[in-house]
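Quick note, the sequence shown lines up with residues 1 to 382 if you use the UniProt record's numbering.
All C-beta atoms, glycine included, are put in the ideal place defined by N, C-alpha and C.
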Amino acid sequence: MELWYGGIDNLLAINNEEGDRGYWDVVWSNPGETKNTQYRLHGTQFKVITARPDQVEVSFITTYNASLNRGVTVPVNVDKRYIMQRGRSGFYTYAIFERLEGWPGGDMQTLRVAYKLHQAKFRYMALSDTRQRFMPTADDRARGRPLAFKEVVLLNNETSSPEFEGEVDDKYQYSAEDKDIKVHGWISIDDHSPPVGFWMITPSDEFRMGGPFKQDLTSHVGPTSLTMFSSHHYVGKKVGLKFQEGEVWKKVFGPVFIYLHAAARNSANKGKRVTSGSVSAFLLISKTDLQFPLPRSLIRAKEFSSFLWNHRSQSYTSIEKEVHRPTEYLLKRIFGLAFLMGDAAPYAEKNLSFNIEAKPQSNSISLVPQTKFQSSKVKGSA
(Lines of atoms letter the chains of each structure in order from A and count residues from 1; the text may use other names and numbers.)
(Lines give C-alpha, C1' and ligand atoms only; values in the text may rest on other atoms or scores of the structure.)
Protein backbone atom coordinates (compact mmCIF):
# COMPACT_ATOMS: atom_id res chain seq x y z
CA MET A 1 0.00 0.00 0.00
CA GLU A 2 1.26 3.48 -0.88
CA LEU A 3 -0.12 6.87 0.06
CA TRP A 4 1.24 9.98 -1.68
CA TYR A 5 0.53 13.47 -0.37
CA GLY A 6 2.10 16.88 0.17
CA GLY A 7 5.31 16.20 -1.72
CA ILE A 8 6.01 12.95 0.15
CA ASP A 9 6.18 9.93 -2.15
CA ASN A 10 4.82 7.57 0.49
CA LEU A 11 3.48 8.56 3.90
CA LEU A 12 3.48 4.93 5.02
CA ALA A 13 6.27 2.74 6.40
CA ILE A 14 8.44 2.22 3.32
CA ASN A 15 10.58 -0.47 4.98
CA ASN A 16 7.56 -2.66 5.74
CA GLU A 17 6.04 -5.16 3.36
CA GLU A 18 3.16 -3.64 1.38
CA GLY A 19 0.60 -5.61 3.38
CA ASP A 20 2.04 -4.30 6.65
CA ARG A 21 1.53 -0.57 6.08
CA GLY A 22 -2.22 0.02 6.16
CA TYR A 23 -4.76 -2.74 6.80
CA TRP A 24 -7.86 -4.10 8.50
CA ASP A 25 -7.25 -7.15 10.67
CA VAL A 26 -8.87 -9.38 13.28
CA VAL A 27 -7.61 -11.57 16.10
CA TRP A 28 -9.86 -14.59 16.49
CA SER A 29 -10.14 -18.12 17.85
CA ASN A 30 -12.39 -21.15 17.60
CA PRO A 31 -14.98 -21.51 20.40
CA GLY A 32 -13.44 -22.88 23.58
CA GLU A 33 -9.86 -22.56 22.34
CA THR A 34 -7.19 -20.33 23.84
CA LYS A 35 -4.98 -20.14 20.74
CA ASN A 36 -5.54 -16.87 18.89
CA THR A 37 -4.84 -16.18 15.22
CA GLN A 38 -4.20 -12.78 13.65
CA TYR A 39 -5.81 -12.55 10.23
CA ARG A 40 -5.27 -9.69 7.78
CA LEU A 41 -8.40 -8.99 5.80
CA HIS A 42 -6.87 -8.93 2.34
CA GLY A 43 -9.53 -8.69 -0.35
CA THR A 44 -9.74 -11.42 -2.98
CA GLN A 45 -12.32 -9.60 -5.13
CA PHE A 46 -12.31 -6.00 -6.31
CA LYS A 47 -15.36 -3.95 -7.31
CA VAL A 48 -16.03 -0.36 -8.24
CA ILE A 49 -19.14 0.71 -6.34
CA THR A 50 -19.32 4.34 -7.48
CA ALA A 51 -17.42 6.18 -10.21
CA ARG A 52 -18.50 9.79 -10.63
CA PRO A 53 -16.55 13.00 -11.21
CA ASP A 54 -17.15 13.97 -7.57
CA GLN A 55 -16.83 10.57 -5.88
CA VAL A 56 -15.17 7.18 -6.19
CA GLU A 57 -15.97 4.20 -3.97
CA VAL A 58 -14.19 0.86 -4.29
CA SER A 59 -14.71 -2.47 -2.56
CA PHE A 60 -12.29 -5.23 -1.54
CA ILE A 61 -14.17 -8.40 -0.63
CA THR A 62 -12.98 -11.30 1.50
CA THR A 63 -15.30 -14.32 1.22
CA TYR A 64 -15.33 -17.15 3.75
CA ASN A 65 -14.75 -20.57 2.20
CA ALA A 66 -16.95 -22.98 4.14
CA SER A 67 -15.31 -25.99 2.45
CA LEU A 68 -11.99 -25.35 4.23
CA ASN A 69 -11.15 -27.08 7.48
CA ARG A 70 -12.47 -25.30 10.52
CA GLY A 71 -10.02 -22.77 11.91
CA VAL A 72 -8.23 -22.00 8.64
CA THR A 73 -9.95 -18.64 8.14
CA VAL A 74 -12.27 -16.49 10.21
CA PRO A 75 -15.93 -17.44 9.45
CA VAL A 76 -17.16 -14.07 8.15
CA ASN A 77 -17.50 -12.31 4.82
CA VAL A 78 -15.91 -8.86 4.82
CA ASP A 79 -16.58 -6.08 2.33
CA LYS A 80 -14.00 -3.32 2.89
CA ARG A 81 -14.88 0.03 1.34
CA TYR A 82 -12.82 3.11 0.52
CA ILE A 83 -14.39 6.41 -0.56
CA MET A 84 -12.71 9.48 -2.01
CA GLN A 85 -14.67 12.65 -2.74
CA ARG A 86 -13.70 15.73 -4.67
CA GLY A 87 -12.83 18.59 -2.35
CA ARG A 88 -12.09 16.38 0.67
CA SER A 89 -8.45 16.00 1.65
CA GLY A 90 -8.45 12.34 2.59
CA PHE A 91 -10.60 9.23 2.33
CA TYR A 92 -13.20 7.23 4.23
CA THR A 93 -12.94 3.58 5.09
CA TYR A 94 -15.60 1.28 6.52
CA ALA A 95 -16.37 -2.44 6.34
CA ILE A 96 -19.46 -4.62 6.18
CA PHE A 97 -19.15 -7.88 8.13
CA GLU A 98 -21.57 -10.73 7.51
CA ARG A 99 -22.13 -14.31 8.70
CA LEU A 100 -24.45 -16.73 6.94
CA GLU A 101 -26.55 -19.57 8.27
CA GLY A 102 -24.68 -22.79 9.02
CA TRP A 103 -21.23 -21.31 9.47
CA PRO A 104 -19.07 -22.40 12.42
CA GLY A 105 -18.83 -20.32 15.56
CA GLY A 106 -15.87 -18.24 16.58
CA ASP A 107 -14.62 -15.47 18.85
CA MET A 108 -13.30 -12.24 17.34
CA GLN A 109 -11.35 -10.61 20.15
CA THR A 110 -9.82 -7.76 18.16
CA LEU A 111 -11.02 -5.82 15.14
CA ARG A 112 -9.17 -2.72 14.00
CA VAL A 113 -7.82 -0.50 11.23
CA ALA A 114 -4.08 0.19 11.43
CA TYR A 115 -1.76 2.58 9.61
CA LYS A 116 2.01 2.44 10.05
CA LEU A 117 3.70 5.63 8.95
CA HIS A 118 7.12 6.65 7.63
CA GLN A 119 9.38 6.52 10.70
CA ALA A 120 11.91 9.06 9.45
CA LYS A 121 9.24 11.70 8.81
CA PHE A 122 6.41 11.35 11.34
CA ARG A 123 7.83 12.19 14.77
CA TYR A 124 5.20 14.44 16.38
CA MET A 125 2.06 12.78 17.77
CA ALA A 126 -1.15 14.49 18.89
CA LEU A 127 -4.08 12.88 20.72
CA SER A 128 -5.73 16.10 21.91
CA ASP A 129 -4.90 19.75 22.50
CA THR A 130 -3.17 18.78 25.75
CA ARG A 131 -1.75 15.35 24.86
CA GLN A 132 0.82 15.87 22.14
CA ARG A 133 4.61 15.63 21.92
CA PHE A 134 7.72 14.76 19.93
CA MET A 135 7.99 10.96 20.05
CA PRO A 136 10.74 8.34 20.18
CA THR A 137 11.07 5.90 17.29
CA ALA A 138 10.54 2.17 16.91
CA ASP A 139 14.34 1.86 16.69
CA ASP A 140 14.63 3.61 20.06
CA ARG A 141 12.31 0.99 21.55
CA ALA A 142 14.27 -1.84 19.94
CA ARG A 143 17.45 -0.63 21.64
CA GLY A 144 15.73 -0.19 25.01
CA ARG A 145 15.29 -2.67 27.85
CA PRO A 146 12.00 -4.61 28.05
CA LEU A 147 10.34 -4.46 31.45
CA ALA A 148 7.65 -6.63 33.06
CA PHE A 149 5.37 -6.63 30.02
CA LYS A 150 6.34 -6.84 26.37
CA GLU A 151 4.66 -3.51 25.61
CA VAL A 152 6.75 -1.68 28.22
CA VAL A 153 10.32 -0.61 27.36
CA LEU A 154 12.85 1.51 29.26
CA LEU A 155 14.64 3.76 26.76
CA ASN A 156 18.43 4.04 27.15
CA ASN A 157 21.09 6.54 26.09
CA GLU A 158 21.13 5.21 22.51
CA THR A 159 17.91 6.96 21.56
CA SER A 160 17.41 9.30 18.60
CA SER A 161 17.24 12.27 21.01
CA PRO A 162 18.76 12.73 24.50
CA GLU A 163 15.40 13.83 25.91
CA PHE A 164 14.09 10.25 25.68
CA GLU A 165 16.82 8.66 27.83
CA GLY A 166 15.32 7.09 30.95
CA GLU A 167 11.74 7.29 29.70
CA VAL A 168 9.40 4.31 29.84
CA ASP A 169 7.42 3.84 26.64
CA ASP A 170 4.18 1.87 26.60
CA LYS A 171 1.43 2.13 23.99
CA TYR A 172 -1.20 1.98 26.73
CA GLN A 173 0.04 5.36 27.99
CA TYR A 174 -1.71 6.89 25.01
CA SER A 175 -5.10 5.19 25.39
CA ALA A 176 -8.37 7.03 25.95
CA GLU A 177 -12.06 6.35 26.53
CA ASP A 178 -13.91 5.57 23.32
CA LYS A 179 -16.11 8.65 23.66
CA ASP A 180 -12.98 10.81 23.60
CA ILE A 181 -11.25 9.13 20.66
CA LYS A 182 -12.49 11.47 17.96
CA VAL A 183 -9.24 12.47 16.28
CA HIS A 184 -5.58 11.58 16.70
CA GLY A 185 -2.55 11.33 14.46
CA TRP A 186 0.90 12.48 13.48
CA ILE A 187 2.77 15.44 11.99
CA SER A 188 5.75 14.93 9.71
CA ILE A 189 8.89 16.92 10.51
CA ASP A 190 11.20 16.98 7.50
CA ASP A 191 13.52 19.68 6.15
CA HIS A 192 12.94 18.48 2.59
CA SER A 193 9.14 18.71 2.46
CA PRO A 194 6.39 20.77 4.15
CA PRO A 195 4.84 19.44 7.36
CA VAL A 196 2.06 16.94 6.64
CA GLY A 197 -0.61 15.84 9.08
CA PHE A 198 -2.03 12.30 9.09
CA TRP A 199 -5.21 12.13 11.17
CA MET A 200 -7.69 9.36 11.96
CA ILE A 201 -11.10 10.93 12.58
CA THR A 202 -13.89 8.85 14.10
CA PRO A 203 -16.97 11.08 14.37
CA SER A 204 -18.96 8.56 16.43
CA ASP A 205 -18.27 5.62 18.73
CA GLU A 206 -21.53 3.70 18.21
CA PHE A 207 -19.89 0.89 16.24
CA ARG A 208 -17.23 0.23 18.89
CA MET A 209 -17.65 -2.65 21.31
CA GLY A 210 -17.92 -1.97 25.03
CA GLY A 211 -19.58 1.41 25.13
CA PRO A 212 -18.33 4.99 25.30
CA PHE A 213 -16.46 4.57 28.59
CA LYS A 214 -14.31 1.64 27.53
CA GLN A 215 -10.65 2.57 27.07
CA ASP A 216 -8.67 1.60 24.01
CA LEU A 217 -5.57 2.32 21.99
CA THR A 218 -5.07 5.34 19.73
CA SER A 219 -1.65 6.24 18.27
CA HIS A 220 1.71 5.10 19.61
CA VAL A 221 5.40 4.72 18.80
CA GLY A 222 5.92 3.18 15.39
CA PRO A 223 4.66 5.61 14.25
CA THR A 224 1.30 3.81 14.31
CA SER A 225 -2.31 5.03 14.32
CA LEU A 226 -5.21 2.71 15.13
CA THR A 227 -8.97 2.71 15.12
CA MET A 228 -10.09 -0.04 17.48
CA PHE A 229 -13.59 -1.43 16.95
CA SER A 230 -13.34 -4.37 19.34
CA SER A 231 -10.73 -5.54 21.83
CA HIS A 232 -10.21 -7.13 25.25
CA HIS A 233 -8.14 -4.13 26.36
CA TYR A 234 -9.03 -3.02 29.91
CA VAL A 235 -12.13 -5.24 30.11
CA GLY A 236 -11.08 -8.85 29.50
CA LYS A 237 -12.84 -11.53 27.51
CA LYS A 238 -16.39 -10.53 28.40
CA VAL A 239 -16.38 -7.91 25.67
CA GLY A 240 -15.97 -9.01 22.10
CA LEU A 241 -17.62 -10.59 19.09
CA LYS A 242 -18.69 -14.12 20.01
CA PHE A 243 -20.61 -16.21 17.50
CA GLN A 244 -22.48 -19.46 18.07
CA GLU A 245 -22.54 -22.29 15.54
CA GLY A 246 -24.80 -21.25 12.66
CA GLU A 247 -25.42 -17.75 14.01
CA VAL A 248 -26.45 -15.21 11.36
CA TRP A 249 -25.15 -11.65 11.74
CA LYS A 250 -24.44 -8.48 9.79
CA LYS A 251 -22.89 -5.20 10.91
CA VAL A 252 -21.05 -2.15 9.59
CA PHE A 253 -17.89 -0.90 11.29
CA GLY A 254 -16.99 2.69 10.51
CA PRO A 255 -16.76 5.03 8.79
CA VAL A 256 -13.33 6.34 9.72
CA PHE A 257 -12.01 9.38 7.89
CA ILE A 258 -8.28 9.55 7.15
CA TYR A 259 -7.64 13.28 6.91
CA LEU A 260 -4.44 14.69 5.36
CA HIS A 261 -3.25 18.27 5.36
CA ALA A 262 -0.03 20.14 4.60
CA ALA A 263 1.36 23.40 5.96
CA ALA A 264 3.46 25.92 4.08
CA ARG A 265 6.98 24.73 3.31
CA ASN A 266 8.58 27.56 5.28
CA SER A 267 6.51 27.05 8.45
CA ALA A 268 8.65 27.84 11.45
CA ASN A 269 8.77 25.56 14.49
CA LYS A 270 7.26 22.84 12.33
CA GLY A 271 6.10 20.41 14.98
CA LYS A 272 4.35 22.35 17.69
CA ARG A 273 3.29 25.39 15.67
CA VAL A 274 1.65 23.32 12.94
CA THR A 275 -0.16 21.20 15.51
CA SER A 276 -1.25 24.05 17.78
CA GLY A 277 -5.05 24.09 17.85
CA SER A 278 -5.24 21.46 15.12
CA VAL A 279 -6.95 18.76 17.16
CA SER A 280 -9.79 21.07 18.20
CA ALA A 281 -10.11 22.33 14.64
CA PHE A 282 -10.30 18.82 13.23
CA LEU A 283 -13.06 17.97 15.70
CA LEU A 284 -15.20 20.47 13.81
CA ILE A 285 -14.52 18.45 10.66
CA SER A 286 -15.58 15.27 12.44
CA LYS A 287 -19.04 16.65 13.18
CA THR A 288 -19.92 16.59 9.49
CA ASP A 289 -18.02 13.58 8.23
CA LEU A 290 -20.85 11.10 8.83
CA GLN A 291 -22.72 12.88 6.05
CA PHE A 292 -21.30 10.64 3.40
CA PRO A 293 -23.44 8.54 1.03
CA LEU A 294 -24.70 5.61 3.10
CA PRO A 295 -25.59 2.24 1.57
CA ARG A 296 -29.34 1.73 1.32
CA SER A 297 -29.29 -0.99 3.98
CA LEU A 298 -28.04 1.42 6.64
CA ILE A 299 -30.32 3.23 9.02
CA ARG A 300 -30.62 6.98 8.60
CA ALA A 301 -30.70 9.28 11.61
CA LYS A 302 -34.33 10.26 10.94
CA GLU A 303 -35.38 6.60 11.34
CA PHE A 304 -34.08 6.33 14.91
CA SER A 305 -36.21 6.11 18.09
CA SER A 306 -35.42 5.23 21.71
CA PHE A 307 -35.61 2.17 23.97
CA LEU A 308 -35.21 0.96 27.52
CA TRP A 309 -34.48 -2.67 28.22
CA ASN A 310 -35.99 -4.25 31.34
CA HIS A 311 -33.63 -6.86 32.81
CA ARG A 312 -36.47 -8.68 34.59
CA SER A 313 -39.02 -8.93 31.82
CA GLN A 314 -36.40 -9.19 29.03
CA SER A 315 -38.37 -6.69 26.97
CA TYR A 316 -37.96 -3.30 25.34
CA THR A 317 -40.00 -0.21 26.19
CA SER A 318 -40.22 2.57 23.63
CA ILE A 319 -39.77 6.06 25.05
CA GLU A 320 -39.96 9.51 23.53
CA LYS A 321 -38.34 11.70 26.21
CA GLU A 322 -36.08 11.54 29.24
CA VAL A 323 -37.22 8.92 31.76
CA HIS A 324 -36.17 7.63 35.17
CA ARG A 325 -36.63 3.99 36.18
CA PRO A 326 -35.46 1.71 39.02
CA THR A 327 -31.99 0.26 38.75
CA GLU A 328 -33.18 -3.04 37.23
CA TYR A 329 -33.66 -1.04 34.05
CA LEU A 330 -30.56 -0.65 31.95
CA LEU A 331 -30.43 2.07 29.38
CA LYS A 332 -29.14 0.57 26.18
CA ARG A 333 -27.63 3.18 23.94
CA ILE A 334 -28.76 1.58 20.75
CA PHE A 335 -27.83 3.72 17.83
CA GLY A 336 -25.63 4.10 14.83
CA LEU A 337 -24.63 2.62 11.53
CA ALA A 338 -26.12 -0.85 11.85
CA PHE A 339 -28.05 -2.89 9.35
CA LEU A 340 -31.81 -2.92 9.67
CA MET A 341 -32.85 -5.67 12.05
CA GLY A 342 -34.05 -8.85 10.41
CA ASP A 343 -32.83 -12.41 10.00
CA ALA A 344 -29.28 -11.07 10.25
CA ALA A 345 -30.03 -9.12 13.44
CA PRO A 346 -27.01 -8.04 15.48
CA TYR A 347 -27.85 -9.28 18.98
CA ALA A 348 -27.15 -6.59 21.57
CA GLU A 349 -26.71 -8.94 24.53
CA LYS A 350 -23.48 -10.34 23.10
CA ASN A 351 -22.06 -6.96 22.20
CA LEU A 352 -22.58 -7.67 18.51
CA SER A 353 -24.64 -4.56 18.03
CA PHE A 354 -24.41 -1.15 19.65
CA ASN A 355 -22.91 0.64 22.61
CA ILE A 356 -24.20 0.43 26.16
CA GLU A 357 -24.18 3.43 28.47
CA ALA A 358 -25.61 3.48 31.97
CA LYS A 359 -25.23 6.54 34.22
CA PRO A 360 -26.92 5.78 37.58
CA GLN A 361 -28.33 8.81 39.39
CA SER A 362 -29.34 7.59 42.87
CA ASN A 363 -31.85 4.86 41.97
CA SER A 364 -32.39 5.82 38.36
CA ILE A 365 -30.84 5.73 34.93
CA SER A 366 -31.59 8.61 32.61
CA LEU A 367 -31.88 8.56 28.86
CA VAL A 368 -29.68 10.59 26.58
CA PRO A 369 -32.54 11.77 24.33
CA GLN A 370 -30.63 11.93 21.05
CA THR A 371 -29.74 8.22 21.14
CA LYS A 372 -32.42 6.56 19.07
CA PHE A 373 -33.25 3.43 17.13
CA GLN A 374 -36.03 2.27 14.85
CA SER A 375 -38.72 0.61 17.01
CA SER A 376 -40.49 -1.42 14.34
CA LYS A 377 -37.37 -3.38 13.50
CA VAL A 378 -36.53 -4.71 16.99
CA LYS A 379 -37.41 -8.37 17.37
CA GLY A 380 -36.87 -10.76 20.23
CA SER A 381 -35.29 -10.08 23.59
CA ALA A 382 -31.80 -8.78 24.14
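query	result
From the DSSP output, in three-state form, read off residue 114 for me.	strand
By the DSSP assignment, the beta strand (DSSP E) with residue 262 in it spans what residues?	249 to 262
How many whole angstroms separate the CB atoms of residue 187 and residue 259, which I take to be in contact at a CB cut-off of 8 Å?	Residue 187 to residue 259, Cβ: 12 Å. No contact.
Quick one: which unbroken alpha helix (DSSP H) runs of 4-plus residues sit fully inside the segment 87 to 147? Chain order, please.	138 to 143
Among the residues of its own chain, which have a CB less than 7 Å from the CB of residue 190, if the five just before and after it don't count?	121
From the DSSP output, in three-state form, read off residue 210 for me.	coil
Checking 7 Å against the spacing of the C-beta atoms, do residue 263 and residue 194 come in under that value?	yes
Would DSSP call residue 467 helix, strand or coil?	Outside the displayed span of the chain (1 to 382) sits residue 467, for which this structure offers no information.
Taking 7 Å as the limit between beta carbons, can you name the residues of its chain near residue 140, skipping five residues before and five after?	155, 159, 160 and 164
Taking all protein chains shown into account, do 16 or more other C-beta atoms lie within 10 angstroms of the C-beta of residue 31, making it buried, or fewer, making it exposed?	exposed
Return helix, strand or coil for residue 244, following the three-state DSSP convention.	coil
Residues in the same chain with beta-carbon distance under 6 Å from residue 226, minus the five sequence neighbours each way, listed in chain order, please.	112, 114 and 217
In the DSSP assignment, find the unbroken beta strand (DSSP E) run with residue 79 in it and report its ends.	77 to 85
Report the rounded CA-to-CA distance for residue 383 versus residue 79, giving the unit in angstroms.	The chain is shown from 1 up to 382; residue 383 falls before or after that span and cannot be answered.
Starting from residue 38, follow its DSSP beta bridges and name the residues at the other end.	27
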